[in-house]
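Same order as they appear, the protein sequences are chains A and B.
Under the working numbering, residues 1 to 340 are what the first sequence spells out, in order.
Under the working numbering, residues 1 to 340 are what the second sequence spells out, in order.
Below is one structure, written out as structure tokens; comments come after it.
There are 2 protein chains.
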Amino acid sequence: MNDLLLRAARGEQVERPPVWLMRQAGRILPQYKALRGKLSGFKELVETPELACEVTIQPIDELNVDAAIIFSDILVVPEVMGLTYEMIPGKGPMFPMTIQEGSDVENLLSGEEAAVQLDYVYKALQLTKKELNGRVPLIGFSGAPWTIMAYMLEGSGSKTFSKARRFLYRQPVASKVLLQKITDTTIEYLKRQIKAGADLVQIFDSWAGILGPEQYETFSLYYIRQICEAITEVPVTVFAKNAWFALESVGKLDCNVVGIDWNTTPEIARSKVGSSKTLQGNLDPCLLYSEPDVIRAATQEMVAGFGQQQYIVNLGHGVYPDTPLDHVKVFVNEVLSMER
Amino acid sequence: MNDLLLRAARGEQVERPPVWLMRQAGRILPQYKALRGKLSGFKELVETPELACEVTIQPIDELNVDAAIIFSDILVVPEVMGLTYEMIPGKGPMFPMTIQEGSDVENLLSGEEAAVQLDYVYKALQLTKKELNGRVPLIGFSGAPWTIMAYMLEGSGSKTFSKARRFLYRQPVASKVLLQKITDTTIEYLKRQIKAGADLVQIFDSWAGILGPEQYETFSLYYIRQICEAITEVPVTVFAKNAWFALESVGKLDCNVVGIDWNTTPEIARSKVGSSKTLQGNLDPCLLYSEPDVIRAATQEMVAGFGQQQYIVNLGHGVYPDTPLDHVKVFVNEVLSMER
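This is the structure we're talking about:
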């Protein structure tokens, strides 16, 4: 098995850094578009293990990346807690019902009671693990509790997430109850993903950067810390996007890998996170619109900056849907060719 | 005249720090809502000097803040360069035409030819200056060239501004031509604002934080630097939102005041910007949803963090439209009561 990802995550010596792309399973691939066109919607794909498995493996076949990440969505967690979501084409997620006041938190399911409902994810992982047959490691994932809470309050993406942040200020006690419920669910969810075959799990705190430093510690890191401490079975990656102000604290979490966004240089990332973690990132996804020579040079420069050890090559955010597939391949192949 | 703002901007000794709020003229005030309800739309307000003057002065009367900022929009600049904008209620700005390719840049007006068309802004400033009658200083403003370019390419607000950023990678030469045209227009525009009565000008780089550090230097700071060097008549404030990675460079600009967002603690802001500039910011606008006691304590803590000299009290972003007016007053009054 190509276990580069797992060895790099554990800080072990590797022949070259592993490479994969956030959102690699999806709209950049013609195979995906062909399949997606036949379906009723995004959720059918997420909720049908055979289909989720198929699109999870597509980028391994097409791009030769060093890891598979299960095709799913972070919003399956709020759904099983009691707030269903819809995926509006061209717009993104939308929650018909949101949390309006403190008492709405009480009715939400949490922990095992919620996590058992995500059987379709576990089945998809089992199936994918079997189909991968040891080719590359399989990554499971969840949203960080704060990011999930932000959607539960806001009901959709938002530039400021001011409704969610208002709730933190106006209902700090209910916020903590909610965050704990999400945390309990997430721990159960990730443990079950691992039992179903996930070789590494990544926690996405996509909306980390809209909180101030104090709030981030109180309402986000505190809960991510619990998850990191609970997950002892496999390596854990934490990606707190735009939370530059908390990188030192993220570096002290009981995790193996820290995701880095494209605002942060390799030098700053390493100096803030410290020497004990593996770093993952951070090419600007827009750079993949450039000409191949520019992509190759930027990839080399990035790897030189992070160093070939304790490092996983990736983008600083999910790959954009209209990225030319050939350009993605130039990026991946540049890393594959680094093997000593 | 209450010249606290100007003295603080120049680093002179003040009795207490001045206070104003970004977007103070607008939807938080019942006077504004009453007037706005009678009009055809946002642009009528911006383009009618008597009305712009009226809403500029409303917060001085109602809140007792230490500065007026002319009611306008950063998007008047792309409009006179050739790309008109619409303001869609509840959605924000929308450009019916955008820049699609390099050659579209050639047809845009720039410099004096564009800036002379903004006569309604200069008239509004003249009128406001007269009506203020020396009560408080009057602030003029513009967008930073990169932020204006981002709208010209994207056509609206965006989470990633990936179209605009793609253009930087694919059309670096045309990007620089465009940014220079915007810069030339902005310099002329700000100089005319100053002639019309602006006592200080602020440059808003609202989309600074979506560029990586190198791109930010090449495609944003390089042009802001030109503006700062060209404006010698009055103090200049630069607010590069979320560009934490560039704060050291912003601190070296030929400007007087550096705006700080709410991700950045006073200590980090001061250590990165250095000792020569006045800092402005940075209460989380969401904090104004809290109870009055919390607002008072947070305001005191913030002022203690920044210090009473070389400091202008403000939020870390524009005040949100649904902020209770009483809470805004609690914030402002807490600062007003600091007078020694």
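Positions of the beta carbon are idealized from the N, C-alpha and C atoms, including for glycine.
Residue(s) in a DSSP beta bridge with residue i
{"i": "MET97/B", "result": "Its beta-bridge partners do not exist; DSSP assigns none."}
{"i": "PHE204/B", "result": "GLY143/B, PHE239/B"}
{"i": "ASN314/B", "result": "ASN282/B"}
{"i": "VAL258/A", "result": "VAL238/A, LEU279/A"}
{"i": "MET87/B", "result": "PRO93/B"}
{"i": "VAL19/B", "result": "VAL313/B"}
{"i": "LEU138/A", "result": "ALA68/A"}
Helix, strand or coil at residue i according to DSSP, with G and I counted as helix
{"i": "ILE231/A", "result": "coil"}
{"i": "SER156/B", "result": "strand"}
{"i": "ALA150/B", "result": "helix"}
{"i": "ALA67/A", "result": "coil"}
{"i": "GLY92/A", "result": "strand"}
{"i": "LEU125/B", "result": "helix"}
{"i": "LEU108/B", "result": "coil"}
{"i": "PRO266/B", "result": "helix"}
{"i": "GLU12/A", "result": "coil"}
{"i": "LYS252/A", "result": "coil"}
{"i": "THR299/A", "result": "helix"}
{"i": "LEU221/A", "result": "helix"}
{"i": "ALA304/B", "result": "helix"}
{"i": "ASP199/B", "result": "coil"}
{"i": "THR48/B", "result": "coil"}
{"i": "ALA293/B", "result": "Checking the displayed sequence, the identity of residue 293/B turns out to be Asp instead of Ala. ASP293/B falls in the helix class under three-state DSSP."}
{"i": "LYS329/B", "result": "helix"}
{"i": "GLN24/A", "result": "coil"}
{"i": "LYS38/B", "result": "coil"}
{"i": "GLU79/B", "result": "helix"}
{"i": "SER103/B", "result": "helix"}
{"i": "ILE74/B", "result": "coil"}
Residue i, buried or exposed, once every other Cβ within 10 Å from all chains shown has been counted against 16
{"i": "ILE231/B", "result": "buried"}
{"i": "ASN107/B", "result": "exposed"}
{"i": "THR84/A", "result": "exposed"}
{"i": "LEU39/B", "result": "exposed"}
{"i": "PRO96/A", "result": "exposed"}
{"i": "PRO17/B", "result": "buried"}
{"i": "VAL332/B", "result": "buried"}
{"i": "GLY143/A", "result": "buried"}
{"i": "GLN193/B", "result": "buried"}
{"i": "VAL188/A", "result": "Note that residue 188/A is Glu in the sequence shown here, rather than Val. Buried, since its Cβ has 16 or more Cβ neighbours within 10 Å."}
{"i": "GLY90/B", "result": "exposed"}
{"i": "MET22/A", "result": "buried"}
is_contact[residue i, chain A] using C-beta, thresh 7 Å
{"i": "VAL249/B", "result": "Reading off the sequence, residue 249/B comes out as Ser, not Val. Not closer than 7 Å to any Cβ of chain A, the Cβ of SER249/B fails to qualify, so no."}
{"i": "ARG16/B", "result": "no"}
{"i": "CYS286/B", "result": "yes"}
{"i": "PRO213/B", "result": "yes"}
{"i": "TYR151/B", "result": "no"}
{"i": "ILE162/B", "result": "Note on identity: in this sequence residue 162/B is Ser, with Ile being the wrong assignment. Yes, SER162/B counts as interfacial toward chain A."}
{"i": "TYR85/B", "result": "no"}
{"i": "SER220/B", "result": "no"}
{"i": "SER344/B", "result": "The structure shown has nothing for residue 344/B, since chain B only spans 1 to 340."}
{"i": "ARG165/B", "result": "yes"}
C-beta neighbour in chain B for residue i, strict 7 Å
{"i": "ASN263/A", "result": "yes"}
{"i": "GLY90/A", "result": "no"}
{"i": "PHE306/A", "result": "no"}
{"i": "TRP244/A", "result": "yes"}
{"i": "ALA49/A", "result": "The sequence given here places Pro at residue 49/A; Ala does not occur at that position. With 7 Å as the cut-off, PRO49/A does not count as an interface residue toward chain B."}
{"i": "PHE223/A", "result": "Looking at the sequence provided, one finds Tyr at residue 223/A rather than Phe. Cβ-Cβ to chain B under 7 Å: no for TYR223/A."}
{"i": "TYR320/A", "result": "yes"}
{"i": "ARG296/A", "result": "no"}
{"i": "ARG10/A", "result": "no"}
{"i": "ARG170/A", "result": "yes"}
Exercise for the section: Report yes or no: do the stretch 249-264 of chain A and the stretch 324-339 of chain A share at least 3 C-beta pairs separated by less than 8 Å? Expected result: Remark: fewer than three beta-carbon pairs, one from each stretch, lie closer than 8 Å, so the stretch 249-264 of chain A and the stretch 324-339 of chain A are not flagged as touching.
Problem - Stretch pair the stretch 230-249 of chain B + the stretch 188-202 of chain B: three plus CB contacts closer than 8 Å - result: In short, these stretches touch, since the Cβ pair count reaches three.
Exercise for the section: Could you tell me whether the stretch 157-175 of chain A touches the stretch 16-36 of chain A, using the rule of 3 or more Cβ pairs below 8 Å? Expected result: The stretch 157-175 of chain A, when compared against the stretch 16-36 of chain A, does not touch it at the 8 Å Cβ threshold.
Handout entry: Three CB pairs or more closer than 8 Å across the stretch 285-293 of chain B and the stretch 309-324 of chain B
Key = The way I'd put it, the stretch 285-293 of chain B does touch the stretch 309-324 of chain B; three or more beta-carbon pairs between them come closer than 8 Å.
Handout entry: the stretch 73-83 of chain B contacting the stretch 48-59 of chain B, beta-carbon criterion three pairs below 8 Å
Key = Too few Cβ pairs lie closer than 8 Å, so no.
Exercise for the section: Indicate whether the contact test is met: 3 or more Cβ pairs, each with one atom in the stretch 269-279 of chain A and one in the stretch 146-154 of chain B, closer than 8 Å. Expected result: Result no; under three Cβ-Cβ pairs closer than 8 Å.
Exercise for the section: May I ask you to verify whether the stretch 1-21 of chain B touches the stretch 59-73 of chain B, counting CB pairs closer than 8 Å and requiring at least 3? Expected result: Counting C-beta pairs with one atom in each stretch, the stretch 1-21 of chain B and the stretch 59-73 of chain B have three or more that are closer than 8 Å, which means they touch.
Practice task
Would you be able to state if there are at least three C-beta pairs under 8 Å between the stretch 239-254 of chain A and the stretch 128-135 of chain B?
Solution key: Cβ pair count under 8 Å is below three, so no.
Problem - At least three beta-carbon pairs within less than 8 Å, the stretch 103-118 of chain B to the stretch 207-219 of chain B - result: Touching, no.
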